[in-house]
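A short write-up of the structure that comes next.
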Ligand SMILES: [Mg+2]
């Protein structure tokens with residue numbers, strides 16, 4: 010196989026706060042960047058990349074579909090968070106390479122753009138949702154018109170209803186600033202509590218409620234969707250079109266939230282946009298991750314008709330040691346104005362539209378390699394039993 014874009018090198022970099030960047034080099038010298046972050050399991054992705062490098066060095070980087078199919082289908086086991094996050098990181102880097110070769114932004118290769126700017130939202134509060142009002146006021150001042158917050162702290166299978174009153178009060182405070190509010194149940198609640206909270210929040214007209222139950226509960230989420238008018242969002246823990254299928258057929262969701270670093274990269278996010286559109290479901294890519302994942306989402310956001318809003322991790326509570334813009338040479342591409350970020354166009358360069366500070370990535374990865382990787386908290390109830398985080 011002779012191609013000017015033969016893959017010659019695949020490297021991964023585990024960097025703070027909890028991200029995994031992928032760098033793919035080709036014979037012609039074009040370098041592509043991807044992100045295969047799997048929060049809390051980054052070492053597993055590093056392991057998966059040993060196999061991907063072994064398989065795809067020497068392949069033509071422009072055969073994105075063929076590489077995707079082989080990465081997904083040529084081995085007996087497929088799907089799931091680890092293999093799909095690794096495939097996602099590789100896929101994003103390949104789109105970056107292809108678009109750079111043609112000297113265009115990736116969205117040009119997806120059929121062109123259908124919008125000029127992309128609505129975005131950020132987080133307020135942390136895992137323990139207190140003092141959200143001050144955080145929301147700060148976000149409002151930064152130019153955001155929409156935010157997301159956690160609904161609750163740890164919740165038992167059946168817990169005190171007083172806990173739900175606190176959530177309603179906090180959402181009301183944030184809404185008083187004129188912000189749209191998405192509320193992430195985070196799969197923390199079980200059915201008996203989730204249906205009460207969904208009903209209690211309904212009069213406040215949230216933008217959406219996210220993961221109202223764990224993604225194992227397709228049928229129960231479908232029931233919830235019939236019970237409240239609030240849009241139901243979900244998808245960060247689904248890893249391909251196949252995983253979305255039962256939710257769509259059950260009419261269980263109104264907003265699909267695939268994560269470009271877990272669902273199969275730009276290729277699968279683009280396919281999911283079309284697939285969900287046929288069910289009249291909106292697309293809001295999940296992205297509490299780094300700048301490469303965000304840039305990849307922005308490419309699909311520019312071109313997908315059913316796209317509605319993009320998550321971004323600017324100053325997110327997990328971003329310790331580095332923030333969304335830290336590794337960028339051109340951070341201004343993600344400037345927020347009146348709740349929108351401009352589509353990453355030709356002026357932002359080609360490919361993904363971002364320029365990575367490679368020296369800083371290498372330095373951070375070398376330092377971080379001896380440090381403990383990020384892990385999520387493990388929560389226990391007052392009785393000592395495990396609760397969902
Ligand atoms: Mg979530």
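Residue numbers (this note's numbering): 10 to 398.
Even for Gly, the Cβ is constructed at its ideal location relative to N, Cα and C.
Computed from a predicted structure; not experimentally measured.
Can you say whether residue 398 is buried or exposed, counting buried as having 16 or more other CB atoms within 10 angstroms of its CB? exposed
Helix, strand or coil at residue 10 according to DSSP, with G and I counted as helix: In this predicted model, residue 10 has a pLDDT of only 47, less than 50, meaning its place in the structure is not dependable enough to derive any value.
Does the count of Cβ pairs from the region 55 to 67 and the region 83 to 97 closer than 8 angstroms reach three? yes
Rounded to the nearest angstrom, what separates residue 10 and residue 111 at their Cα positions? Here residue 10 scores only 47 on pLDDT, less than 50, and its place in the model should not be relied on; the value that follows carries that caveat. Their Cα atoms are separated by approximately 20 angstroms.
Whose CA, out of 389, 335, 297, lies closest to the CA of residue 130? 297
For residue 380, is the beta carbon positioned less than 7 angstroms from some heavy atom of ligand 1? no
Would you grab the beta carbon distance between residue 244 and residue 265 for me? Rounded to a whole angstrom, and I think it's under 8 angstroms. 5 angstroms
Rounded to the nearest angstrom, how far is the Cβ of residue 169 from that of residue 206, given a contact under 8 angstroms? Rounded, the Cβ-Cβ distance is 12 angstroms, inconsistent with contact.
For a test of the three-state rule: what should DSSP assign to residue 277, helix, strand or coil? helix
Are the C-beta atoms of residue 332 and some chain B residue less than 8 angstroms apart? Checking the listed chains, one finds no chain B in this structure; it contains a single protein chain.
Can you check the region 351 to 398 for any beta strand (DSSP E) of at least 3 residues that lies completely inside it and give the ranges in chain order? none
By C-beta, the residues closer than 7 angstroms to any heavy atom of ligand 1, given in chain order: 193, 195, 219, 220, 245, 295
Should the region 254 to 270 be called in touch with the region 76 to 84, which here means at least 3 C-beta pairs below 8 angstroms? no
Beta-bridge partners of residue 158, as assigned by DSSP: 192
Classify residue 203: buried if its beta carbon has 16 or more other beta carbons within 10 angstroms, exposed otherwise. buried
Do residue 229 and residue 194 have their beta-carbon atoms positioned less than 8 angstroms apart in this structure? no
Residue 299: buried (16+ other C-beta within 10 angstroms of its C-beta) or exposed? buried
Please confirm if the region 146 to 162 is in contact with the region 107 to 126, defined as three or more CB-CB distances below 8 angstroms between the two stretches. no
Buried or exposed: which applies to residue 157, given that a residue is buried once 16 or more other Cβ atoms fall within 10 Å of its Cβ? buried
In or out: residue 370 buried (at least 16 other Cβ within 10 Å) or exposed? buried
Using C-beta distances below 8 angstroms, list every residue in its chain close to residue 183, excluding the 5 sequence neighbours before and after it, in chain order. 133, 141, 142, 145, 156, 158, 190
C-beta contact flag for residue 100 and residue 360 at 8 angstroms: no
What does the alpha-carbon distance come out to for the pair residue 33 and residue 364? 14 angstroms
What span of residues does the alpha helix (DSSP H) with residue 77 cover, start to end? 73 to 82
Kindly indicate which three-state DSSP category residue 33 falls into: helix, strand or coil? strand
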